[in-house]
Every structure is written in C-alpha cells, then in structure tokens.
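Written below as structure tokens is the structure these notes are about.
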Amino acid sequence: MKIAILGFGSVGRGIARIVAERETGLVITAVADSKSGCIDNNGLNPLEVIRAKEETGLCGKKGVTPEYIIKNADYDALVEVTPTNAETGEPSLGFIKLALSTGKHVVTSNKGPVALNYDELSHIAREKEVQFKYEATVCGAIPIIQTLQYGLAGNKVKKLYGVFNGTCNYILTRMADERLTYKQALLEARELGYAEADPKYDVEGIDAAIKLVILANTIFGMKKRLEDVEITGICSLTSEAIELAEADELTIRLIGEIDNERGTLRVSPRVIPKDHTLVVQDTLNAVTIETDLAGEVTLIGRGAGSIETASAIISDLSFISNCHDRSS
Ligand SMILES: NC(=O)c1ccc[n+]([C@@H]2O[C@H](COP(=O)([O-])OP(=O)(O)OC[C@H]3O[C@@H](n4cnc5c(N)ncnc54)[C@H](OP(=O)(O)O)[C@@H]3O)[C@@H](O)[C@H]2O)c1
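Residue numbers (the numbering used here): 97 to 424.
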C-alpha cells in the first residue's frame, strides 16, 4: 500500500524508519514538512529522506506543499502527523478533509481534528468508503481504540479511567520518589525532553482531557467538547500533599475518567494506594476499562515516543491494508 506522510518530525521519521527497517508492505511515495516536500510515485528511499531532513532541515523541495501532495501524489493512505492545534484543528483538519474527499484513507496521530470534528470526518470517510483511523491520538503505543472497538466488542463499558499523560506521571513519580518540588520535577522533565517549553497543556490536565473527549465521542457516541470536561491539573500540587499520602502507603496520580453511565468526563489528581494497578512509573500510561462481561481490563504501555507512536500508526495502516486486500 502506498502512503504519503504529512509532517516529518518525531513521529513522521519514526514511521519512515520502521518502513525502511522491516517488511510492512508499505511504500512511501510522498513526504512534506512545514517548508518543503518530495514525491516519487515509485517509492522514496525513506532513509535518504530522513538524512536530507536531518542534514538540511528540509525533507524535499520548497514549494512542494501538503495540498499539492494530497492532490497530485499517487497514494492510498494519507498519514497526517503535523502538530496538534486543539483550538481549531488546523491546518491538519483541512488536510484530512481534502484527502478523505478525494477518496483516500487517512491515519493520524493529531488530537485536534479528532477531538473537534470526528463526526464530520467519519461521515466523509463513510460517504467515500474509505477508513479514518486515529489509534495514535490516545496513549501512543497502547492499542486502546482497537481494544474498545474490537477486542471488547459486545461488552458494555461502564467506566474507563487511567493515566493519560506521561509528562504529569513523570513529574508525580519524581516528586514522590526523590522528594522533589513540583518546580524541580517540571524542570527535570523539560531537560529530559518529556515536557514542552510551554508545558501548559500537560500540567493543566488539558492534554488528558482532549484524549477523554476523543474516546467519549468516537467510542461512546457522546457529543463532548473540551469545556464539558471537569479539569484540575497538577500545577498547584505541593510536596507536602504527596509526603502525607506516601506516609499512608498512598500516592497521587493525575487520573482521567469517563463515566459512561452518567455521561461525565473528569481529569483530576487522585490519591490512590501505592500498589494500585494504575500507579505506573515515569512516563508510562495506564488505562482500566470496567465492562459488564469481561470485568476489568487494564492496559499499560508507552504513551509517547517516536517509534512507539509510529507503532500505532503502522497498526492502523496494517488494518486498512488488510481490509483493502480482502475487498480486492
Ligand atoms: N511525539 C509523540 O510522542 C506523539 C505521541 C502521540 C501523538 N503525537 C502527535 O503527533 C503529531 C506529530 O508529533 P511530532 O512529535 O512528530 O511533532 P514534531 O516533531 O513537532 O513534528 C511535526 C512535523 O510537522 C511539520 N509541520 C508543521 N506544520 C506543518 C504544515 N503546515 N504542513 C506540513 N508539515 C507541517 C513540521 O515541519 P518542520 O520539520 O519543517 O518543522 C514537523 O516536521 C502531533 O499532532 C502530536 O501531538 C505525538
């Protein structure tokens, strides 16, 4: 299957590396970053495009834009991995709509368009009889969407809760283990590249809330916006609060929860026993799904990272490729 990749940063290059290193059945015919692009309908050499990007900052020629690629390259699926804009979803939203409208499958790791416009995008996909997949938008490498859509099909999900943000989890782990203050732990997370220069989305609980909105709307058929989520971040959490919890064999985690029976979404720091399944360390994510037939199912894994996030994208592409093979 031929793919075009929009966005050649951490995730885009992770995908190209996997395609170069193993037999995926995927051929990359086009790549774009913010300033350039390249097309070879017979297949680009992924390692050469990575080298060009790393040496020159450009993946191809100036003037070869995402729109040009979407309209003119030969590909079956668009892989949309440009930065997230949680307010408007753009420019990713426009790229995805254009590709779906011209009958291409789309796979994305971009939370903005999925949280804001899932109904519209999935409607276009159905009309055009193509797939719109977004596994990488929630919990990186953890196959949470596939588990909910297929693995637990036939179950009623009563509640779903867990650790959706690795940066916050890292900060809380370090505050508890090393007695660091919030500011010291945040600084360390920044130095290690886990936190952005502006960590607002992570530490204020917004990133976790966006992931809840994606699950609520796309899996549980709710019609939620970010404003509907009750959000408390970790910014005002003190070392004393954590020490107090630790003295009683408890600890604090930022937990996102969807109560599917009440229809509510909440993100807040919660005190939980230190031996609880959701007390994962460092940047890990963990999600417990409470169901009527299967009981509790918990998934733990890496919520971010170049190759880890690319793993979810490759999984979505494999799904599409298998459907494609069956129908042809
Ligand atoms: N990294 C992770 O672990 C992770 C995990 C889950 C989800 N995600 C999501 O996946 C997406 C990509 O993340 P990332 O970490 O790969 O980001 P990144 O390293 O910042 O890379 C973003 C890429 O998009 C390109 N870009 C920016 N604006 C563009 C435009 N208008 N048209 C075409 N390309 C454009 C950038 O171009 P330049 O190279 O020219 O700047 C860059 O190559 C984001 O939406 C992120 O939220 C990431």
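Backbone N, C-alpha and C fix where the C-beta goes; we use that ideal spot for every residue, glycine too.
Ends of the beta strand (DSSP E) at residue i?
i: G133; result: S132 to I135
i: K193; result: First-last for K193: S188 to S197, but that is the alpha helix (DSSP H), not the beta strand (DSSP E).
i: G258; result: V253 to V259
i: S364; result: T360 to P369
i: G208; result: Careful: G208 lies outside any beta strand (DSSP E), inside the alpha helix (DSSP H) at K207 to K224.
i: N381; result: L380 to T387
i: I124; result: V123 to A128
i: I425; result: Past the boundaries of the shown model lies residue 425; the chain is included only from 97 to 424, so the question cannot be answered.
i: V202; result: H201 to T204
i: R398; result: E392 to R398
i: L268; result: Note, L268: premise wrong, no beta strand (DSSP E); alpha helix (DSSP H) at G262 to E274.
i: E176; result: A173 to E176
Please name the residue in the options whose C-alpha comes closest to that of residue i.
i: P295; options: K307, N213 and K279; result: K279
i: A305; options: T360, E339 and A285; result: T360
i: T328; options: V299, L340 and M318; result: V299
i: I390; options: L244, I124, S132 and V202; result: A small correction: the amino acid at residue 390 is Ala; Ile does not occupy that position in the sequence shown. Of L244, I124, S132 and V202, the residue nearest in Cα terms is L244.
i: K207; options: V226, E186, G401 and I114; result: E186
i: A341; options: K370, T314 and L322; result: K370
i: V123; options: F316, A173 and V234; result: A173
i: D324; options: I192, V309 and G250; result: V309
i: L288; options: E225, Y297 and I267; result: I267
i: A126; options: T120, I165, V115 and G105; result: I165
i: R398; options: G108, S106 and V234; result: V234
i: R275; options: E339, D421 and N181; result: E339
i: E117; options: C419, A169 and S407; result: S407
i: G250; options: G105, T387 and K98; result: T387
i: N138; options: G236, I111, T152 and M97; result: M97
i: E183; options: A100, D303 and I240; result: D303
i: L154; options: G110, F104 and L143; result: F104
i: R147; options: G110, A169 and N168; result: G110
i: A400; options: I409, G121, V175 and M318; result: I409
i: K158; options: A382, E144, G133 and E176; result: G133
Does any heavy atom of ligand 1 sit closer than 6 Å to the C-beta of residue i?
i: T152; result: no
i: A128; result: yes
i: S411; result: no
i: G317; result: no
i: K307; result: no
i: S205; result: yes
i: F104; result: yes
i: V115; result: no
i: T180; result: yes
i: K296; result: no
i: G159; result: no
i: V107; result: yes
i: T405; result: yes
i: K167; result: no
i: A400; result: yes
i: A177; result: Correcting the residue type first, residue 177 is Val in the shown sequence and not Ala. At least one heavy atom of ligand 1 is nearer than 6 Å to the Cβ of V177, so yes.
i: P162; result: yes
i: G185; result: no
i: G359; result: no
i: G236; result: yes
i: K224; result: no
i: K279; result: no
i: K131; result: yes
What is the rounded straight-line gap between the Cα of residue i and the Cα of residue j?
i: K149; j: T161; result: 15 Å
i: E293; j: R286; result: It is worth fixing the name first, because residue 293 is Ala in this sequence and not Glu. Near 7 Å, if we compare the C-alpha coordinates of R286 and A293.
i: K254; j: R270; result: 32 Å
i: P365; j: Y257; result: 12 Å
i: L413; j: V367; result: 39 Å
i: L189; j: T204; result: 10 Å
i: E231; j: E336; result: 38 Å
i: A272; j: L333; result: 12 Å
i: R222; j: I348; result: 43 Å
i: V376; j: Y171; result: 40 Å
i: Y246; j: E404; result: 21 Å
i: S402; j: G108; result: 8 Å
i: F316; j: T178; result: 26 Å
i: F191; j: E225; result: 18 Å
i: T198; j: G301; result: 36 Å
i: R113; j: P142; result: 7 Å
i: L282; j: T384; result: 26 Å
i: Y297; j: C264; result: 10 Å
i: N181; j: K229; result: 18 Å
Hey, would you say the C-beta of residue i is under 6 Å away from at least one heavy atom of ligand 3?
i: P369; result: Of the ligands this structure carries, namely ligand 1, none is ligand 3.
Considering residue i, what are the terminal residues of the alpha helix (DSSP H) in which it resides?
i: L283; result: Y278 to E287
i: E357; result: Premise fails: E357 is in no alpha helix (DSSP H) and is neither H nor E.
i: L102; result: Counting along the chain, L102 falls outside any alpha helix (DSSP H), though it belongs to the beta strand (DSSP E) covering K98 to L102.
i: N168; result: P162 to N168
i: I114; result: S106 to E117
Does residue i have its Cβ less than 7 Å from a Cβ in chain B?
i: T243; result: Absent from the structure: chain B. Only one protein chain is present.
- Message: At 4 residues or longer, what runs of the alpha helix (DSSP H) sit wholly inside the stretch 297-347?
- Response: 302-314 and 335-343
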